[in-house]
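Position in the sequence shown counted from 1, then plus 1430, gives you my numbering.
Backbone N, C-alpha and C define an ideal beta-carbon position, used for all residues, glycine too.
In this text the structure is predicted, and so the values were computed from the model without any measurement.
To start, the structure itself, in structure tokens.
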Amino acid sequence: LGNMGGTVVEAASALHSIELPVLRQLRPHEEKEQEETNEEENKPRASTLPRLPIETQEKEELRMENVLQESRLARWSREEIEKEAFNFAARLTEYRLNEAMKKHNHSFVNGEMIEIHFVPTVDDIFNTPEGIRPSFPSNALHNNTVVIWPNGGVTIDNSISYTESGNWRYELSTRGGANATQSMTLTRIGNQQNLGTETMGIWIGLWLSFNSSGADYAESVKTINFLSAAQAMGDIKVEAKTGPHSLWENDALPDPSDYVTIDRSNVKWDLKTEWETPPRMDIVGTQ
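If you want it as structure tokens, here you go:
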């Protein structure tokens, strides 16, 4: 048994000494195969799905946007839609008045009139300038149509309003129905200096269709702000002439317009210039 045991031990030791070189040779080979397998798995694979044409992708994006809008519509109550419709009507009225004020050749004579033609039925409320169109989803109203009647009527009757400055009277003249051309008229009735906006309150009537069964009528008073004549004409551009400028002691105070270049392209009639801080003619030296 002792001899047999010794033989077994020696044989096991011999096998172990043979195994180590074999393992040393096999392991690098196995590791290389594993690395190649990992690299193959990490390689980007070409998509087997066909790419959509650009037009189809755009249509799909638009469809998804409409789905999102429809989901957001659930958060808009009828009262909220109506409130935003009134805000939209006020913005559109302001836009029409602003454009008319900018295009008009202002005379500043009482009685001058600015007439703005429009159709009360707005067929596509989202086909309006950026910043004016309503913020509710595009399927909030049936056919995206609103009928807007900027009636006036806050101060005297159902068609006349006055600006807070006292410079303008606003009046709506109606002829025919909601699909006929109507006119808003501004008439100058005063010449109070106003470098800010003109402000007035008017009644606005709306016909809103929430479904195909018909339209509902609502009205509300809205504050309307639009460009004054001074704002519409723009600032008078003035540029200081290069200096220095020399004056004699105790001379008369010079005209300030001698020291500036004035762009008179939007000046009406006479222009008066004044010193904001006049030079001291009795003091010698730099001022």
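Subject >> Where the beta strand (DSSP E) through residue 1612 begins and ends >> reply: 1612-1618
Original post:
What is the rounded straight-line gap between the Cα of residue 1695 and the Cα of residue 1620?
Top reply: When rounded, the distance between both Cα atoms is 24 Å.
Subject >> Unbroken stretches of the beta strand (DSSP E), 3 residues or longer, contained in the region 1657-1684 >> reply: 1668-1670
Original post:
Does the ligand NAD have even one heavy atom less than 7 Å from the beta-carbon of residue 1675?
Top reply: No copy of the ligand NAD appears in this structure; indeed no ligand is present at all.
Original post:
Along the chain, where does the alpha helix (DSSP H) that runs through residue 1522 open and close?
Top reply: 1508-1533
Original post:
Apart from the five residues on each side of it in sequence, which residues of its chain come closer than 8 Å, Cβ to Cβ, to residue 1630?
Top reply: Cβ contact annotation for residue 1630 (same chain, cutoff 8 Å, sequence separation greater than five): 1584, 1591, 1592, 1593, 1594, 1598, 1600, 1653, 1654, in chain order.
**OP:** Would you give the residue range spanned by the beta strand (DSSP E) that residue 1637 belongs to?
**Re:** Unbroken beta strand (DSSP E) run through residue 1637: 1627-1641.
**OP:** Starting from the Cα of residue 1700, find the closest Cα among 1634, 1537, 1662 and give me that residue.
**Re:** 1537
Subject >> Beta-carbon gap between residue 1638 and residue 1576 smaller than 8 Å >> reply: yes
Subject >> Stretch-stretch touch, CB-based, cutoff 8 Å, three pairs: the region 1636-1650 with the region 1660-1680 >> reply: no
**OP:** Take residue 1609 as the anchor and find which of 1627, 1579, 1618 has the nearest alpha-carbon.
**Re:** The candidate whose alpha carbon is nearest that of residue 1609 is 1579.
Subject >> N- and C-terminal bounds of the beta strand (DSSP E) containing residue 1581 >> reply: 1576-1582
Original post:
What number of angstroms, rounded off, separates the C-alpha of residue 1554 from the C-alpha of residue 1671?
Top reply: 52 Å
Subject >> Among 1508, 1514, 1507, the one whose alpha carbon lies nearest that of residue 1634 >> reply: Nearest C-alpha to residue 1634: 1514.
**OP:** Using alpha carbons as the reference points, say which of 1551, 1569, 1541, 1559 lies closest to residue 1511.
**Re:** Among 1551, 1569, 1541, 1559, the Cα nearest to that of residue 1511 is on 1569.
**OP:** Locate the beta strand (DSSP E) running through residue 1602, then write down its first and last residues.
**Re:** Counting along the chain, the beta strand (DSSP E) containing residue 1602 begins and ends at 1598-1603.
**OP:** Starting from residue 1689, follow its DSSP beta bridges and name the residues at the other end.
**Re:** According to DSSP, residue 1689 bridges with nothing at all.
**OP:** Buried or exposed for residue 1518, please, with buried defined as at least 16 other CB atoms from any protein chain shown within 10 angstroms of its CB.
**Re:** buried
Subject >> Host beta strand (DSSP E) of residue 1543 (start-end) >> reply: 1543-1548
Original post:
In terms of alpha-carbon separation, which member of 1523, 1572, 1526, 1531 lies closest to residue 1646?
Top reply: 1572
Original post:
Does DSSP put residue 1573 in a helix, in a strand, or in coil?
Top reply: helix
Subject >> Inter-stretch contact (C-beta, 8 Å, three-pair minimum) for the region 1683-1693 and the region 1611-1620 >> reply: Verdict: no, contact absent.
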